[in-house]
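Report on the structure given below.
Protein chains: 2
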Amino acid sequence: MTIAYGVVRPPGGEPRVAARVDGRVVDLSDLGDAFRRPSLNDFMTLGRDAWRATTERARGLDGPRVDGECLLPFEVADYVDFYSSLDHATNLGRLFRPDSEPLLRGSAIRRPHGQRMPGPTFGPSTRLDIELEIGFVIGTPSRLGVPVPVEQALDHVFGVVLVNDWSARDIQAWEYQPLGPFLGKSFATSISPWVVPLDELAEYRVPLPPQEPPLLDYLATDPWAYDLELEIELNGETISRTNARHLYWNIEQQLAHLTANGASLRTGDLLASGTISGPERDSSGSLIELTWNERFLEDGDEVVLRAPQLQLEVRGRITP
Amino acid sequence: MTIAYGVVRPPGGEPRVAARVDGRVVDLSDLGDAFRRPSLNDFMTLGRDAWRATTERARGLDGPRVDGECLLPFEVADYVDFYSSLDHATNLGRLFRPDSEPLLRGSAIRRPHGQRMPGPTFGPSTRLDIELEIGFVIGTPSRLGVPVPVEQALDHVFGVVLVNDWSARDIQAWEYQPLGPFLGKSFATSISPWVVPLDELAEYRVPLPPQEPPLLDYLATDPWAYDLELEIELNGETISRTNARHLYWNIEQQLAHLTANGASLRTGDLLASGTISGPERDSSGSLIELTWNERFLEDGDEVVLRAPQLQLEVRGRITP
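Take a look at the structure:
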């Protein structure tokens, strides 16, 4: 019975924090001021003991239930997108560099315009794609100038969302050297309306084989991943089944790396895993990998990303 | 008599918005709620007519004056760092790719740790550098999905700050391919405590020669730049004199580009110009260019960036 948190606006009412408990959506606004807010951020600042106590209470609450529209669950502070799937990195390297080594709930996604090659010409992207990712939401901030040790990293994480990092491959391929992606990514990012608290994921943790090459001390941890099933559905058809265990770097290591130079964490920071691809073609996390550069999104296409064990999904439909 | 806005906290008092008028710092908190705030953001949302009216009033105000500590002048929403100086891009390309073509006021800057080559080994950066830039602050937001036309771009800009984009060249050189800089940049960015309203810069606008290759329509404007003198001082010695007119792309074009894919502007967004370097060695905007990769910052070094005509400066001192 996985618990998740979100923000619900009942018809004619004010937005409030709600918990989804075994399919029921329970109004938490009686639990205190932090729950009578249009975002989870105040709740997220309360820290891990409060999160655990709330999850315990929410599990036991029999009501009141609440119906309404799900809103963006938290105000995003900074956003980092990692690159952690060895298979995705290998595939994209082969596709983009063949001569070398290889926020919102997501309803309508407008096809972005940009510079496309050959040319460049300016116009609508013809290679609109998805990226299947999981995202970690920071609850407890860290101090500027003080790196977070790898073994304390999870203390800062409030929970997990599913992420679709919409990508325009034609814009991205032309713009991204040498300073990285920009307009090929910045037009839209969708997250699931429900956030699963991190504690709920403990049962999915599995050990991984040792990492090669050996790790620098600040990244050293017994390797592990979340064994979470993930799916991509395009117009009603499941086109990929993959798993978060394919990520080479885990969230502990990503947090230690992100803060190694003294950069701080803020409540609401969203750390996305990077695209999750497995070793088989049909376990890829993007269309460019699934179709090996042959098919992209058409106007009207609907994409649903799912994490069935967590009952998380992200939906989006392409508009011109 | 250039006006600038900032946030000042008098001893024992609450932070409030102030204007610097010809060297005097004038308390604006009697002008309304938006001025009794610890940041400029509420004032920045009022729009261009209100900004102009306030500048007129501030010019005429004889008092009350206010003394105190200058705080970070606005809450930064999103941060973009462009790459707009042809000379800087050429220099960095030669230095990094020889074989191919907190935001705080900036007092103490801790030397960041990270992965350095050869190795990689983990430890303090040995190639800590500066980047001299100007930054444009967004006042009026734009609508998601609606690109800002190049000729309307300036309507969204509240004002200008001076920016030091501290950079660890050893970390950056190893990490930045293929996805761009990350920990080599994210440890610190300093801005001037005073923001000069955009209208004050009109007198410095100068035309530039036509851009080559010809511009795509969405970027097409009669080329221009701000003829603003800029200086870098290291431990009391001026080591570079350069000028914002060396920027190949202007802020109108940067804004049109940034929003071309439908990405929106938010109040508080900071758009930094990218490092400003001129054609001569001693008109460069970074140490790596000024010393051609031979000297970087030592512990205890103090760097001051200045825009003398606007009376803007950014100071920082390196600590271990």
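Protein chains in written order, with this note's numbering: chain A, 1 to 320; chain B, 321 to 640.
Even for Gly, the Cβ is constructed at its ideal location relative to N, Cα and C.
Buried or exposed: residue i, going by 16 or more other Cβ atoms within 10 Å of its Cβ?
i	result
V335 of chain A	Because chain A spans 1 through 320 in this model, residue 335 of chain A falls outside it and cannot be assessed.
A522 of chain B	exposed
N555 of chain B	exposed
T374 of chain B	buried
V466 of chain B	exposed
R65 of chain A	exposed
V337 of chain B	buried
Q115 of chain A	buried
A428 of chain B	exposed
L222 of chain A	Before going on, a small fix: residue 222 of chain A reads as Asp here, not Leu. Exposed, by the Cβ-count rule.
P513 of chain B	buried
T446 of chain B	exposed
R344 of chain B	exposed
R489 of chain B	buried
D299 of chain A	exposed
P533 of chain B	exposed
D387 of chain B	exposed
P432 of chain B	buried
R565 of chain B	buried
T238 of chain A	exposed
T579 of chain B	buried
G63 of chain A	exposed
D353 of chain B	exposed
R20 of chain A	buried
R430 of chain B	buried
What's the gap between the Cα of residue i and the Cα of residue j?
i	j	result
F363 of chain B	W371 of chain B	8 Å
L528 of chain B	Y546 of chain B	10 Å
D129 of chain A	T90 of chain A	18 Å
L219 of chain A	Q254 of chain A	8 Å
D269 of chain A	S506 of chain B	14 Å
L310 of chain A	V196 of chain A	7 Å
D347 of chain B	L381 of chain B	9 Å
R105 of chain A	Y325 of chain B	At R105 of chain A the pLDDT is 45, less than 50, meaning the model places this residue with poor confidence and gives no usable figure here.
R48 of chain A	T460 of chain B	37 Å
D30 of chain A	R59 of chain A	15 Å
D407 of chain B	G413 of chain B	10 Å
F476 of chain B	T365 of chain B	Contrary to the premise, residue 476 of chain B reads as His rather than Phe in this sequence. Approximately 10 Å between the Cα atoms of the pair.
P422 of chain B	I511 of chain B	Model confidence at P422 of chain B stands at a pLDDT of 43, short of 50, so the residue's coordinates are unreliable and nothing is read from them.
E252 of chain A	A153 of chain A	5 Å
L228 of chain A	T562 of chain B	54 Å
I171 of chain A	G119 of chain A	12 Å
E622 of chain B	G598 of chain B	23 Å
M315 of chain A	L72 of chain A	Rather than Met, the amino acid found at residue 315 of chain A in this sequence is Arg. Whole-angstrom Cα-Cα distance: 13 Å.
V163 of chain A	L305 of chain A	8 Å
V328 of chain A	T267 of chain A	The displayed coordinates of chain A run from 1 to 320. Any statement about residue 328 of chain A would go beyond what the structure contains.
L216 of chain A	G443 of chain B	11 Å
R356 of chain B	I3 of chain A	42 Å
L198 of chain A	Y204 of chain A	11 Å
L247 of chain A	G479 of chain B	43 Å
W324 of chain A	H577 of chain B	Missing from the structure shown is residue 324 of chain A; chain A here goes from 1 to 320 and no further.
G13 of chain A	L297 of chain A	37 Å
E151 of chain A	W249 of chain A	14 Å
P331 of chain B	P358 of chain B	14 Å
S167 of chain A	E200 of chain A	30 Å
P628 of chain B	L550 of chain B	7 Å
Could you name the residues that DSSP lists as bridge partners for residue i?
i	result
I429 of chain B	B:I638
Y403 of chain B	None; Y403 of chain B has no bridge partner.
T238 of chain A	A:E233
N563 of chain B	B:E549
G123 of chain A	A:G114
A263 of chain A	For A263 of chain A, which the question treats as bridged, DSSP gives no partner whatsoever.
E622 of chain B	B:R637
I458 of chain B	B:V477
V327 of chain B	B:V337 and B:L391
R344 of chain B	B:V341
E133 of chain A	A:V163
L312 of chain A	A:A307
A592 of chain B	B:D401 and B:G455
R448 of chain B	Reading off the sequence shown, one finds Leu at residue 448 of chain B, where the question assumed Arg. Paired residues: B:A488.
Problem - Inside the stretch 468-552 of chain B only - beta strand (DSSP E) runs reaching at least 3 residues - result: 477-484, 525-527 and 544-546
Practice task
Please go through the stretch 350-405 of chain B and give each complete beta strand (DSSP E) segment of 3 or more residues, from N-terminal end onward.
Solution key: 389-391 and 399-401
Practice task
Inspect the CB distances between the stretch 249-267 of chain A and the stretch 279-294 of chain A and report whether three or more fall short of 8 Å.
Solution key: no
Exercise for the section: Report yes or no: do three or more beta-carbon pairs, one from the stretch 490-498 of chain B and one from the stretch 606-614 of chain B, lie closer than 8 Å? Expected result: no
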